Amino acid sequence: MSPRRTVAEARQTRAGIVRHGVAVASVEGLEGLTIGRLAADLGMSKSGVLGHFGDKETLQLAVVELATDAFWRAVWEPVADTPAGLPRLRAVAGSWLRYVASDALPGGCFFMAVGPEFDDRPGPVRSAIAGAADRWHRELLHQARLAGHWPGEEAEQVVFELTGVLLALHAAHRLRRDPSAATRAARAVDRLLVVPDRRTAPGGPVG
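Listed below in structure tokens is the structure:
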């Protein structure tokens, strides 16, 4: 066997371990992602799995990285060519909604599953999860600001509420098995992402 083939096979094996790790972590969390569990699932020895990563934290970080890439491919890339601003924000929201409701992973959205697990646990894994969430928040906020309808802090509020809708969808769909969750979430997004009517203000008509 040539050294080149050996390296390629090692990379392929490592990629397969990480892909399976993403699926497992979506259900059992990153702490449930043990070397022994992966070895048993994949028919490998513990040393064979460990040899690709060195320790559990490195494995967890590789899983977060792959999950981040997969999320952007599934949610962002299909709508990336939509005109920037409100059209793209609406398209991204719809794509995100479909992703959360699609059961693409056994445990649903990876980040909604593992985020609460590490939200108060400082360290490299938390930083990686928070970094992925911050990147997504910045992109949503960028599109909200490009829309030009929500000045200043209003754009932040729109993104905050949009994120809340998707979190509610995940909880209703995964925990309560609510068959109407996706429809209700879509209605909430439609109500949120409308052009504000500024003809009236809290004190009455703007004349």
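If you count the sequence shown from 1, position 37 lands on 37 in UniProt numbering, and the numbers rise without skipping.
C-beta atoms are modelled at their ideal positions from N, C-alpha and C, and glycine is treated no differently.
Keep in mind it's a predicted model, so treat the numbers as computed, not measured.
Selected residue, minimal CA-CA separation from residue i, among the options
i, options, result
"T136", "A101, D120, G108, W72", "Before going further, note that residue 136 is Trp rather than Thr in the sequence given. Answer by Cα proximity: W72."
"P83", "I17, R37, Q143", "Q143"
"H173", "A91, V125, G107, P116", "G107"
"L140", "L193, L42, E57", "L193"
"F160", "R138, D69, Q60", "R138"
"Q60", "D178, S26, A91, A40", "S26"
"T34", "K56, L42, G43", "K56"
"R126", "P179, T58, G152", "T58"
"T68", "G115, L169, G43", "G115"
Rounded Cβ spacing between residue i and residue j (contact assumed at less than 8 Å)
i, j, result
"G85", "G148", "7 Å"
"P196", "W150", "7 Å"
"A101", "A182", "4 Å"
"L89", "A185", "Going by Cβ atoms, the distance from L89 to A185 rounds to 15 Å, so no, they are not a contact pair."
"V22", "F110", "6 Å"
"A74", "A104", "6 Å"
"V18", "R37", "Not quite, the Cβ-Cβ distance comes to about 14 Å (not below 8 Å), so this is no contact."
Could you say if the segment 74 to 81 and the segment 28 to 46 meet the contact criterion of at least three C-beta pairs nearer than 8 Å? The segment 74 to 81 vs the segment 28 to 46: no contact.
Do the segment 7 to 26 and the segment 48 to 67 meet, that is, are 3 or more Cβ pairs less than 8 Å apart? Cβ pair count under 8 Å is three or more, so yes.
So, does the segment 165 to 177 touch the segment 139 to 156, judging by three or more C-beta pairs under 8 Å? At 8 Å Cβ cutoff, the stretches do not touch.
Evaluate contact between the segment 125 to 132 and the segment 55 to 65, counting only Cβ atoms and requiring at least three cross-stretch pairs below 8 Å. Contact holds: three or more Cβ-Cβ distances are below 8 Å.
Threshold first: 4 residues or longer. Then list the alpha helix (DSSP H) segments lying entirely within the UniProt domain "HTH tetR-type" (11 to 71), N to C. The qualifying runs are 35 to 42, 46 to 50, 56 to 71.
Could you tell me which whole alpha helix (DSSP H) segments of length 4 or greater appear in the segment 80 to 119? Listed in chain order, the alpha helix (DSSP H) elements of length 4 or more contained wholly in the segment 80 to 119 are 86 to 101, 110 to 118.
Going residue by residue through the segment 116 to 189, where are the continuous alpha helix (DSSP H) segments of at least 4 residues, counting only ones entirely within it? Whole alpha helix (DSSP H) segments, 4+ residues: 124 to 147, 153 to 174.
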